[in-house]
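The opening position of the sequence shown corresponds to residue 0 in numbering that gives the first Met the number 0, with each subsequent residue numbered one higher.
Idealized CB from N, CA, C, for every residue including glycine.
First the structure, in the form of C-alpha cells, and then the observations on it.
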Amino acid sequence: MKITAIETYVCHARMRNWIFVKVLTDQPGLWGWGEATLEWHTRSVVGAIEDLSQLLIGEDPRRIEHLWQMMYRQHFWHGNGIVRGTAISGIDIALWDIAGKIHGVPTHELWGGRVRDYIRLYCHLGGGKMEDFYQTRPDDASRFGELAKQAVEDGFTAFKSMAVPETMPLEGLKPIHYAEACVSAMREAVGNDIDIMVDCHARPSPRMGMQFAKALEPYGLYFFEEPCWPESIEDIALIQRAVSTPIASGERLVTIHAFRELFEKRAVSVIQPDITHCGGLSEVRRIAAMAEAYRIAIAPHNPQGPVSTAASIEFGFATPGYIICESVHNDVPWRSEVVSEGFTVEKAGRIVRPNTRPGLGIEINEKEVKKHPFQQEVLQRTFYKDGSVGDW
Ligand SMILES: [Mg+2]
C-alpha cells in the first residue's frame, strides 16, 4: 500500500481559512482527511505540506509512527515550529483516519477502545460568532450575562468568555474591576451549576495575569486560561501556586518537548493541546501519557474546522484524563454542509456520543468547500492607548 498524493483544500470560514488535508492511497476509495488550519498563515502551511509531501509519496500509509519521525526529523530542521508542526499534524490526522478505515473501526478503537460513554462540549460566548466572543466590550458586563444565558439555553453546561480586557504591562484597578463585573454578571445569570471559563488570550503581563487570577478566584471558574505569554512558563507556575482556580495553557505549544516544561514546572492544572498544531494525534497521545503521570487534565483547543473536531473527539474517547472539548457551532451557517460526521451531539447538555463509522467517521464535501475559496483572514491587530503594540 502506498501514498500517492497529498492534497490541500482551503475553505474560507470568516475568521479562519480551514485547511483540509487529503492523503490519497493506491487503494481505490481509500483516503484520509486531516486538518491543518493556522489562521493568518494559510499560504505558509499549504506550502509546508507540499514540502513535506516529498518525504511521503510512495511510502506505506500504515507506518504512521515511521512517517511521523520522518516528517519531524528529516532534512535537518525539526518540525517544532508552528507552521511545520501544523503541517505535520494535518497529515498525521489523515493517516490515523486511513488506519481506522483499513481496519473498519473508529480510530479510537485502535487505541484500546472507549474509556467513556460521552464527551462534554463547551462553547464560546456567542457559539463561535466572532463579534460576540472577541468584541463584547469589557465595560458591558450585562452583555456577558445575556450571552451566558444564551449558551445555557443552547444546551451547554460550560462556556468560555474573554472577560479580561487587553492591558498594558501594568495598569490600575479599572481593568480588574471590568473583569470582576463581567464574571460576576455571568455567574449571576447561570448560577453555580454551570461551568464558566475565562480565556486571557495570553494578553496580560505576568503581574497583570496574577492580579486577574486573584480577583476572579471567588467566582469558582472551571479554568482560567493563558494568564500570560506561554513563553513565561515560570510565571504561569507562580500564578497557579497563588490561586486554587485551575490554570490552563498549551494551545500554542508544539510537540511533547514544549509540554514537558509545563509539566515539570507544575505550571498548569489543565493542558490544552491543539491536535492540528501540536504534532497531530500521534503526538497528542504522547503528551496525554505524560499528563497522566502528573494527573493533569486535558481539554483540547478546538476552535477550527470539522476535521479538527472529529480528531479531538476520537482522541477523547480513548484518553482517560480528558475532561471536556472546546467547540464552535455558530462560526459559519454552512458548517454542516461541508462535512458529514459519524458522532452525534445531544442538544440537552451538548454531549457527544461516539462515532461508529471507520476512521474519524467524517467525509468532506469537496464541492461545498469550493464555494468558499481562500480569502485573507480578518486582521486582528491590537495597539495600546499610546500606540504601542499589544497582544490580541
Ligand atoms: Mg485560548
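Cβ-based neighbour list, residue i, same chain, cut-off 7 angstroms, excluding 5 preceding and 5 following
i    : result
R206 : L169
D192 : none
H77  : Y71
Q303 : R15, W17, E34, T36 and T275
R83  : A47
F211 : V163, I175, A178, C199, P203 and P226
G144 : A184, M185, E187 and A188
P229 : A201, S248, R251 and L252
A287 : I297, T318 and G320
V337 : C10, P305, I363, N364, E367 and V368
P60  : M0, I2, V22, T24, L94 and I97
F382 : V388 and G389
V197 : S160, A162, V163, V182, L215, L220, F223 and E224
D131 : L124, G125 and L146
Sequence-distant residues of the same chain with beta carbon closer than 6 angstroms to residue i, five excluded per side
i    : result
W95  : T106 and L280
A298 : V269, Q271, I322 and I323
W110 : A317
N354 : P105, G341, F342 and G360
I350 : Y117 and R119
C10  : W17, V368 and H371
Y293 : F262
G208 : P226, C227 and I238
V45  : T7
G358 : D96, G99, K100 and T106
Per DSSP, cross-strand counterpart(s) of residue i
i    : result
C199 : For C199, which the question treats as bridged, DSSP gives no partner whatsoever.
K31  : First, the amino acid is wrong: residue 31 is Gly here, not Lys. DSSP lists V22 as partners of G31.
L120 : C324
A4   : L23
V104 : Paired residues: none, contrary to the question.
K453 : Only positions 0 to 391 of the chain appear in this structure, which leaves residue 453 out of reach.
V9   : I18
Where residue i falls: helix, strand or coil (DSSP)
i    : result
L172 : helix
G154 : coil
L109 : helix
H77  : coil
R206 : helix
V44  : helix
R15  : strand
S231 : coil
D194 : strand
E179 : helix
I56  : coil
E225 : coil
A296 : strand
T85  : helix
E38  : coil
W391 : coil
P217 : helix
V114 : coil
E165 : coil
R285 : helix
Q68  : helix
Q239 : helix
G279 : helix
R186 : helix
G304 : coil
Chain-order list of residues whose beta-carbon lies under 8 angstroms from that of residue i (same chain, five-residue window excluded)
i    : result
E466 : The question about residue 466 has no answer here: the residues shown for the chain are numbered 0 through 391.
I81  : L37, H40, R251, V253 and H276
Q379 : Y133 and W391
A406 : In the structure displayed, the chain extends from 0 to 391; residue 406 sits before or after that span and is not available.
M129 : R13, M14, D330 and V377
Q73  : L54
I63  : D91, L94, W95, A98 and S281
Any non-hydrogen atom of ligand 2 within 7 angstroms of residue i CB
i   : result
C10 : With respect to ligand 2, the structure shown offers nothing to examine, as its ligands consist of ligand 1.
Of all the alpha helix (DSSP H) runs that stay within the bounds of the region 241-276, which reach a length of 4 or more residues? 254-263
Are at least three pairs of beta-carbons, each pair with one atom in the region 50-67 and one in the region 87-102, less than 8 angstroms apart? yes
Inter-stretch contact at 8 angstroms, needing at least 3 Cβ pairs: the region 367-376 / the region 111-122: No: the two stretches stay apart, fewer than three of their Cβ pairs being nearer than 8 angstroms.
Validate contact between the region 53-63 and the region 78-88 using beta carbons, cut 8 angstroms, 3 pairs: no
Do the region 127-143 and the region 157-166 make contact, defined as three or more Cβ pairs closer than 8 angstroms? Segments in contact, yes.
Are three or more beta carbon pairs between the region 375-389 and the region 342-353 nearer than 8 angstroms? no
What alpha helix (DSSP H) runs, 4 residues minimum, are completely inside the region 306-387? As far as the region 306-387 is concerned, its whole alpha helix (DSSP H) runs of at least 4 residues are 334-337 and 365-369.
Start-end ranges of the alpha helix (DSSP H) lying completely within the region 127-152, minimum 4 residues: Counting whole runs of 4 or more residues, the region 127-152 contains the alpha helix (DSSP H) stretches 129-134 and 140-152.
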